[in-house]
Amino acid sequence: QADPQPVSQTTVIPLLFLNGVPFRDFGERHEMLRLLIEEVKQRVDEGRGVLEKGAPRIYCGLPIAVDPGIIRMIEGTGLAIPVCCSLWLTPWQRISSPFKEFGDRIGVGIYTSISHSCEAHIATNLEYCKAFNVDGVVLLYPFSCRPWAITPLMSKKRIQEELGIPVLVLEADAYDTRAYSVGQLGTRIETFAEVLRAAKMG
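Mapping the sequence shown onto my numbering, position 89 (from 1) lands on 243, and the numbers just tick up by one.
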């Protein structure tokens, strides 16, 4: 929630994928996270950020695993990204499982996850926007992930209807950078950023 945004999302997004890395030494991972938290807190206390204070804020639904270029390009247009998809848990995801068996606990995780259903994905996108009071949204239509590609246009419709904020859908690939051009996406992002800046000033 800090303003200015203390660190780039390119620093934070690897934490999402860190959960899937088979670390043998959990202590090393926890120490790394502890150091990052300390450094971010220090930047917040000092009022330092990667963007100007008061920059338009967007929810970014495209934490691409292999290419930080898109996030850098978005932040380069002066748009703050306080939250990316799957990097913050909604209230209904932050529940304690009453089950002891491994399979049952996994079942609860699936039931509360963003991937549970189209409706869950859309509801989670809405919750991100509300919780972080964003000025706009950038969603990803991923060529290579058919389940994830189902919801972007439905989410765009719901967000615009319920929250009245602009939504941009970008077509890209979560894993193969040969399938799209960051430069071509940049033109659309720059136009979107101008729209958000004009709305914030007006």
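Every residue, glycine too, gets a C-beta built ideally from N, C-alpha and C.
According to DSSP, simplified to helix, strand and coil, what is residue i?
i, result
"P337", "Checking the sequence shown, residue 337 turns out to be Gly, not Pro. G337: helix per DSSP, three-state reduction."
"C214", "strand"
"V204", "coil"
"G356", "coil"
"T244", "coil"
"I260", "helix"
"I249", "coil"
"A209", "coil"
"E255", "coil"
"I343", "helix"
Can you list, in chain order, the residues of its chain whose CB lies under 6 Å from that of residue i, leaving out five sequence neighbours each side?
i, result
"C299", "A328"
"C214", "I235, C238 and V292"
Which residue wins for smallest C-alpha separation from residue i, given the options the options?
i, options, result
"E281", "L317, H270, F256 and I260", "L317"
"W302", "V292, R351, C272 and L324", "C272"
"R226", "T164, A347 and G261", "T164"
"Y334", "V220, D199, K207 and G201", "V220"
"W246", "H270, E192 and E200", "H270"
"R202", "P222, G181 and A156", "A156"
"P222", "D330, E192 and E255", "D330"
"G107", "G340, L324, I191 and N287", "Any property of residue 107 remains undetermined from this structure, which presents the chain solely from 155 to 356."
Within this structure, are the beta carbons of residue i and residue j separated by less than 8 Å?
i, j, result
"P158", "L205", "yes"
"P210", "D289", "yes"
"I228", "V166", "no"
"P320", "L350", "yes"
"F326", "I224", "Position check: residue 326 holds Ala in this sequence, whereas Phe was assumed. Closer than 8 Å, so yes."
"T231", "E344", "yes"
"I233", "I264", "According to the sequence provided, residue 233 is Leu. The question's Ile does not apply to it. Their beta carbons are not under 8 Å apart, which means L233 does not touch I264 by this criterion."
"L322", "F346", "yes"
Please report the residue range of the beta strand (DSSP E) in which residue i lies.
i, result
"G290", "G290 to P296"
"E315", "No beta strand (DSSP E) contains E315, which is instead part of the alpha helix (DSSP H) from P306 to L317."
"A277", "Unbroken run through A277 is the alpha helix (DSSP H), C272 to A285; no beta strand (DSSP E)."
"A326", "V321 to A326"
"V220", "Neither: V220 is in no beta strand (DSSP E) and is coded neither H nor E."
"I235", "A234 to C238"
Note the first and the last residue of the continuous alpha helix (DSSP H) segment covering residue i.
i, result
"E200", "F180 to E200"
"L172", "Q163 to L172"
"A303", "R300 to A303"
"I109", "Nothing can be reported for residue 109, as the shown portion of the chain is limited to 155 through 356."
Closer than 8 Å by C-beta to residue i: which residues in its own chain qualify, once you throw out the five before and the five after it? Chain order, please.
i, result
"I276", "T305, M308, S309 and R312"
"E185", "none"
"P168", "none"
"A285", "V237, W242 and T244"
"R342", "L322 and L324"
Could you name the residues of the same chain whose beta carbon sits closer than 7 Å to that of residue i, not counting the 5 residues immediately before and after it, in chain order?
i, result
"T244", "T278 and E281"
"K354", "P210 and D289"
"E194", "With the sequence shown as reference, residue 194 is identified as Val, and Glu is not the correct amino acid for it. These residues qualify, in order along the chain: P160 and V161."
"A352", "none"
"F253", "R259 and V262"
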